[in-house]
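A.B. asks: Got a structure here, written out as structure tokens. Questions coming.
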Amino acid sequence: MRWAAFLLVMHPFAQAHQPTNSGEGKLVIADPYISYAYNATFKTGEELFRIGLTYDRGFSLPFELLVEDRPENEAFRPVYAVVGPGLPEASADELALLPDSLPEGAGVYVDLNDDAARGSIFESVMRRVYLTTGPVALILQPGEYEVWIWSPDGDLGDVVLGFGVEEDFSGGFGGLFADWSTYAY
Numbered sequence: 060m061r062w063a064a065f066l067l068v069m070h071p072f073a074q075a076h077q078p079t080n081s082g083e084g085k086l087v088i089a090d091p092y093i094s095y096a097y098n099a100t101f102k103t104g105e106e107l108f109r110i111g112l113t114y115d116r117g118f119s120l121p122f123e124l125l126v127e128d129r130p131e132n133e134a135f136r137p138v139y140a141v142v143g144p145g146l147p148e149a150s151a152d153e154l155a156l157l158p159d160s161l162p163e164g165a166g167v168y169v170d171l172n173d174d175a176a177r178g179s180i181f182e183s184v185m186r187r188v189y190l191t192t193g194p195v196a197l198i199l200q201p202g203e204y205e206v207w208i209w210s211p212d213g214d215l216g217d218v219v220l221g222f223g224v225e226e227d228f229s230g231g232f233g234g235l236f237a238d239w240s241t242y243a244y
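When you line the sequence shown up against our numbering, it's residues 60 to 244, in that order.
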């Protein structure tokens with residue numbers, strides 16, 4: 060079983076850029092070197108969530124997709140892809156699964172979230188147990204990247220993409236704890 064010690068920090072991102080659940084537009088991360096948790100909800104199953112990252116130097120970045128460990132999420136298997144320079148060329152199967160065309164010259168890493176047994180983590184800030192794809196670190200080159208999150212089967216539910224390395228509490232917690240008691244068991 061894979062375990063992840065991944066603190067999901069919703070620092071300035073949560074304060075200044077509340078994640079959209081509409082699937083419209085692209086969230087652009089201002090500081091891609093710190094740790095983020097991107098929360099989204101599949102309301103129709105047709106959404107494509109996009110996150111833009113730009114790196115001015117090579118960087119190794121971990122990614123992990125999470126859904127709450129609940130009986131109704133047993134079959135919920137959202138997928139994510141990292142798209143950009145220096146990543147592997149997409150296979151025919153991956154191209155068929157992707158929700159959009161790859162930009163010219165871009166490679167892709169696709170996490171199909173298809174392991175028979177998913178690991179789980181306890182996220183102590185929000186006090187939830189999550190099923191996880193397991194963290195994967197990708198070596199990214201300088202350049203522009205996008206992360207795409209979608210539900211290939213059209214399933215509905217909440218998803219969290221954890222990504223980044225450095226934790227940054229300089230701006231406080233951006234209202235993270237405003238409704239913390241809602242999440243306490």
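Heads up, the beta-carbon is just placed ideally off N, CA and C, and yes, glycines get one too.
#1: Straight-line CA distance for E105 to G117?
#2: According to the Cβ coordinates, are T191 and S179 closer than 8 Å?
#3: In chain order, which beta strand (DSSP E) runs of at least 3 residues are fully inside the stretch 180-228?
#4: Going along the chain, which residues of its own chain have a beta-carbon closer than 8 Å to the beta-carbon of D170, five neighbours each way excluded?
#5: Rounded to whole angstroms, what is the Cα-Cα separation between N172 and S119?
#6: Per DSSP, which one or two residues make a beta bridge with A151?
#7: Give the DSSP bridge partners of D170, in chain order.
#8: In angstroms with no decimal places, state the Cα-to-Cα distance between V218 and S150.
#9: Given this structure, state the Cα-to-Cα distance separating I208 from F135, to the nearest angstrom.
#10: Where do the ends of the beta strand (DSSP E) carrying R109 lie?
#11: What is the DSSP secondary structure of P144, counted as helix, strand or coil?
#12: Out of D174, L146, A176, which one is the CA nearest neighbour of P162?
#13: Does the separation of the CB atoms of P130 and Y114 fall below 8 Å?
#14: Going by Cα to Cα distance, which pick from Y189, E133, N132, L215 is closest to K102?
#15: Counting along the chain, where does the beta strand (DSSP E) carrying N98 start and finish?
C.D. replies: Based on what the coordinates show:
#1: Taking the first residue of the sequence shown as position 1, residue 105 is located at position 46. Taking the first residue of the sequence shown as position 1, residue 117 is located at position 58. Rounded to the nearest angstrom, the two C-alpha atoms are 33 Å apart.
#2: Here residue 191 is taken as the residue at index 132 of the sequence shown, counted from 1. Here residue 179 is taken as the residue at index 120 of the sequence shown, counted from 1. Taking 8 Å as the Cβ cut-off, T191 and S179 qualify as a contacting pair.
#3: For the stretch 180-228, whole beta strand (DSSP E) runs of length 3 or above, ordered along the chain, are 187-191, 195-199, 202-209, 216-222.
#4: Taking the sequence shown and counting its residues from 1, the one referred to as residue 170 is at position 111. F122, L124, V138, Y139, A140, T192, V195.
#5: Start at 1 with the first residue of the sequence shown, and residue 172 comes out as number 113. Start at 1 with the first residue of the sequence shown, and residue 119 comes out as number 60. Using only the alpha carbons, I get a separation of about 21 Å.
#6: Taking the first residue of the sequence shown as position 1, residue 151 is located at position 92. Partner(s): none; A151 has no beta bridge.
#7: One-based indexing of the sequence shown puts residue 170 at position 111. The bridge partners DSSP lists for D170 are Y139.
#8: One-based indexing of the sequence shown puts residue 218 at position 159. One-based indexing of the sequence shown puts residue 150 at position 91. Between the C-alpha atoms of V218 and S150 there is a straight-line separation of about 26 Å.
#9: The sequence position of residue 208 within the sequence shown is 149, counting from 1. The sequence position of residue 135 within the sequence shown is 76, counting from 1. Their Cα atoms are separated by approximately 13 Å.
#10: Here residue 109 refers to the residue found at position 50 of the sequence shown. 107-114 is the extent of the beta strand (DSSP E) around R109.
#11: Position 85 of the sequence shown holds residue 144. Three-state result, P144: coil.
#12: Start at 1 with the first residue of the sequence shown, and residue 162 comes out as number 103. Residue L146 is the option with its Cα nearest to P162.
#13: Walking along the sequence shown from the start, residue 130 turns up at place 71. Walking along the sequence shown from the start, residue 114 turns up at place 55. Between P130 and Y114, the CB-CB gap reaches or exceeds 8 Å.
#14: Translated into the one-based positions of the sequence shown, residue 102 becomes position 43. Closest by alpha carbon: L215.
#15: As a first step, residue 98 must be located in the sequence shown, where it is residue number 39. Where N98 is concerned, the enclosing beta strand (DSSP E) starts and stops at 95-101.
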